[in-house]
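In my numbering, the protein residues as written are 276 to 872.
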């Protein structure tokens with residue numbers, strides 16, 4: 276299935292991720308030469324050419340491969356599924372081209388809809404229409420209904436059957452045909468690196484007498500992928516997995532690298548094999564997380580288990596308290612209970628959705644604190660504390676629709692009359708433009724700033740110098756870091772250059788004791804160093820603050836005494852929190868703020 280090259284910008288939907296990862300590996304030709312998988316085309320009938328990634332979701336039969344009674348039956352099921360695409364038919368190649376056109380045009384809309392937990396039948400209306408009425412094979416939603424081949428032990432069975440058949444193909448002398456078959460196999464191998472595919476009891480939930488349980492499988496899939504689970508490979512190397520919709524995020528970099536290595540081993544085995552190995556010896560599995568480790572006790576309590584159990588307190592994702600029953604009642608109600616905002620606990624604004632972005636501001640001499648956060652269905656809210664008591668703020672009543680993967684930046688400043696002013700910035704739902712919300716006594720919608728990279732970090736600063744100054748820093752689709760200034764509709768004069776997608780950004784701005792002003796901006800570069808630059812009239816060089824960090828780390832910067840004291844707090848490889856100190860000369864190591872648990 277020929278398609279455009281994938282880009283790392285607004286990716287998140289599984290189509291784009293399979294495309295990106297599949298295009299990363301290298302294939303060996305019959306001549307011994309090497310070629311990028313993105314440039315290799317396996318020729319099928321009806322003028323179709325196939326590259327790695329998509330077919331497993333859109334072409335198949337009513338007979339899942341993992342349901343086969345033995346290896347021979349499973350191989351036969353795979354061949355029938357493969358032939359729904361490879362052998363052509365009256366609907367091909369037009370149907371395949373129409374599917375790719377829809378995916379290319381709708382991938383951003385699908386990202387937003389899936390992240391908002393909308394019904395797939397709404398999101399995928401065009402895909403279902405294109406594939407509806409195919410003779411003898413399921414349409415798109417029909418395949419999704421019986422997709423346990425993509426989960427857990429069934430995914431391993433499905434990969435083994437496909438990979439084994441591809442090996443037999445190359446042993447018979449057809450390398451091109453073997454690569455084409457292995458594209459189907461590697462789709463399920465990729466699924467075995469997805470947190471949401473490892474411990475979700477997909478088959479068990481489908482077989483539940485409650486017809487809503489199929490949807491509950493998706494909710495567990497989404498939760499595990501968003502928050503992440505820990506697992507180990509057979510060599511007992513451990514790491515954290517996310518994937519589907521987060522496969523290309525920096526937090527999933529280690530997992531993505533291992534997945535690419537596994538797929539490369541799978542492709543190499545096709546070329547190198549002269550005699551079929553046992554599935555237990557397939558090289559791809561030496562890189563993959565084991566199911567035993569994924570299902571072991573860990574921080575994120577499983578929502579459902581293979582023992583017909585569910586998490587008793589659905590909202591408490593750390594509490595391993597299981598009840599012996601599968602879900603009953605509407606899955607929408609179940610998921611609503613998982614995600615709903617439930618107000619403030621005695622210790623602060625507790626029980627908000629896991630992984631929500633947060634910001635914090637203080638005012639009235641530190642006597643009051645505001646914590647903007649993201650509610651169920653991506654609505655914005657604030658919680659406030661005054662004299663030791665937390666209470667819901669007023670912003671939630673505006674029902675602001677923010678992008679579900681937005682960051683939040685918040686700043687406050689005073690005026691000569693003792694007034695307090697708050698500015699908050701987040702990405703808008705669907706457009707990814709940065710939206711300003713402001714409070715000068717009441718909350719109002721403010722300016723619309725430029726469109727940012729989906730999920731971009733946002734940093735904002737305010738200071739007084741020749742009047743009020745506001746600066747907002749963000750990342751664009753081309754991965755550049757930009758500055759936007761108050762009352763300036765341009766992207767700003769500053770372009771820091773490119774950085775990894777969705778890296779953390781932190782900024783400081785203040786007036787100096789000599790009547791001037793100073794700005795500092797920090798971000799994480801491709802070498803996993805925190806770097807920064809400052810402006811005392813013009814922007815200076817980019818300098819390293821600290822290096823040797825792991826991908827996905829977060830950090831925050833702070834200052835006091837008009838910039839005489841600078842601090843930067845960051846995660847280390849063992850998840851401790853350390854401090855970097857600059858009191859006027861240079862950056863040096865400071866205190867250990869928090870130790871890894």
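Yeah, the Cβ is synthetic: ideal placement off N, Cα and C, and Gly gets one too.
Specify whether the stretch 735–746 and the stretch 775–795 touch according to this definition: at least 3 beta carbon pairs, one from each stretch, less than 8 Å apart.
-> yes
Cutoff 6 Å; reference residue 733; Cβ partners in own chain excluding five residues on either side | As a working note, residue 733 is residue 458 in the chain shown. So the list reads 682, 684, 700 and 749, once near-sequence residues are dropped.
Are there 16 or more other CB atoms within 10 angstroms of the CB of residue 470, so buried, or fewer, so exposed?
-> As a working note, residue 470 is residue 195 in the chain shown. Buried: at least 16 other Cβ atoms inside 10 Å.
Opening and closing residue of the alpha helix (DSSP H) in which residue 551 lies = Taking the first residue of the chain shown as position 1, residue 551 is located at position 276. Looking at the DSSP string, residue 551 is not in any alpha helix (DSSP H), and its letter there is neither H nor E.
Leaving out five residues on either side along the sequence, give the residues of the same chain with a beta carbon under 6 Å from the beta carbon of residue 381.
-> Taking the chain shown and counting its residues from 1, one reaches residue 381 at position 106. For residue 381, the pLDDT reaches just 39, beneath the cut-off of 50, and the residue's location in the model is therefore unreliable, leaving the point undetermined.
Quick one: what does DSSP say residue 796 is sitting in, helix, strand or coil?
-> Here residue 796 is taken as the residue at index 521 of the chain shown, counted from 1. If DSSP states are grouped into helix, strand and coil, residue 796 belongs with the strands.
Specify whether the stretch 454–464 and the stretch 428–439 touch according to this definition: at least 3 beta carbon pairs, one from each stretch, less than 8 Å apart.
-> yes
Have a look at residue 424 and residue 304 and give me their C-alpha separation to the nearest angstrom.
-> Counting from 1 along the chain shown, the entry for residue 424 is found at position 149. Counting from 1 along the chain shown, the entry for residue 304 is found at position 29. So the two alpha carbons sit approximately 30 Å from each other.
Check each candidate in 847, 528 and 841 and name the one with the smallest Cα separation from residue 822.
-> The sequence position of residue 822 within the chain shown is 547, counting from 1. Checking every option, the nearest Cα to that of residue 822 belongs to 847.
Going by beta carbon distance, what residues of the same chain come within less than 8 Å of residue 803, once the five residues before and after it are set aside?
-> Position 528 of the chain shown, counted from the first residue, corresponds to residue 803. The residues are 822, 823, 824, 825, 826 and 828.
Which runs of the beta strand (DSSP E), 3 residues or longer, sit entirely within the stretch 774–828?
-> 780–786, 792–799, 805–810 and 818–821
Best match in 867, 695, 567 and 808 for proximity to residue 714 [C-alpha to C-alpha] = Here residue 714 refers to the residue found at position 439 when the chain shown is read from its first residue. Of the listed residues, the one whose Cα sits closest to residue 714 is 695.
Verify whether the separation of the beta carbon atoms of residue 582 and residue 598 is less than 7 Å.
-> As a first step, residue 582 must be located in the chain shown, where it is residue number 307. As a first step, residue 598 must be located in the chain shown, where it is residue number 323. Their beta carbons are not under 7 Å apart, which means residue 582 does not touch residue 598 by this criterion.
Would you identify the three-state DSSP class for residue 242, choosing helix, strand or coil?
-> Not covered by the structure: residue 242. The range shown for the chain is 276 to 872.
Would residue 562 pass as a contact of residue 536 if the rule is Cβ separation under 7 Å?
-> Position 287 of the chain shown holds residue 562. Position 261 of the chain shown holds residue 536. Yes.
Helix, strand or coil: how does DSSP classify residue 589 here?
-> Counting from one through the chain shown, the residue named residue 589 turns up at place 314. DSSP places residue 589 in coil when its eight states are reduced to three.
Delimiting residues of the beta strand (DSSP E) encompassing residue 856 | Numbered from 1 along the chain shown, position 581 holds the residue referred to as residue 856. Note, residue 856: beta strand (DSSP E), 852–857.
Alpha-carbon spacing of residue 677 relative to residue 836, whole angstroms = Indexing the chain shown from 1 puts residue 677 at position 402. Indexing the chain shown from 1 puts residue 836 at position 561. Their backbone Cα atoms lie some 35 Å apart in a straight line.
Report buried or exposed for residue 716, applying the criterion of at least 16 other Cβ atoms within 10 angstroms of its Cβ.
-> Along the chain shown, read from residue 1 onward, the residue named residue 716 stands at position 441. Its Cβ having fewer than 16 others within 10 Å, residue 716 is exposed.
Exposed or buried, which one is residue 855 when buried takes at least 16 other CB atoms within 10 Å?
-> Translated into the one-based positions of the chain shown, residue 855 becomes position 580. Result: buried.
Of the residues 747, 481, 554 and 868, which one's Cα is nearest the Cα of residue 782?
-> In the chain shown, counting from the first residue as 1, residue 782 sits at position 507. Minimum Cα distance to residue 782 is reached at 747.
Euclidean distance between Cα positions of residue 301 and residue 815 | Within the chain shown, the letter at position 26 stands for residue 301. Within the chain shown, the letter at position 540 stands for residue 815. Straight-line Cα distance between these residues: approximately 41 Å.
Is residue 545 closer than 7 Å to residue 453 when the C-beta atoms are compared?
-> Taking the first residue of the chain shown as position 1, residue 453 is located at position 178. Taking the first residue of the chain shown as position 1, residue 545 is located at position 270. In this structure, residue 545 lies closer than 7 Å to residue 453 by Cβ.
Could you pull the start and end residues of the beta strand (DSSP E) that residue 842 belongs to?
-> To locate residue 842, count along the chain shown from 1; it is residue 567. Segment 840–846, the beta strand (DSSP E) holding residue 842.
Apart from the five residues just before and just after residue 612, which ones in its own chain have a Cβ nearer than 6 Å to its Cβ?
-> Position 337 of the chain shown, counted from the start, is the residue given in the question as residue 612. Its pLDDT being 38, under 50, residue 612 is placed unreliably by the model, and the measurement read from it follows with that caveat. Correct list, in chain order: 589.
Any chance you could list the beta strand (DSSP E) runs of at least 3 consecutive residues sitting entirely within the stretch 446–529, in chain order?
-> 504–507 and 513–516
Under three-state DSSP, which class holds residue 573?
-> The sequence position of residue 573 within the chain shown is 298, counting from 1. Here residue 573 sits in coil by DSSP.
So who's on the other strand from residue 718, going by DSSP bridges?
-> As a first step, residue 718 must be located in the chain shown, where it is residue number 443. Answer is 714.
Alpha carbon to alpha carbon, what distance is there between residue 315 and residue 308?
-> In the chain shown, counting from the first residue as 1, residue 308 sits at position 33. In the chain shown, counting from the first residue as 1, residue 315 sits at position 40. Taking the straight line joining both Cα atoms gives about 12 Å.
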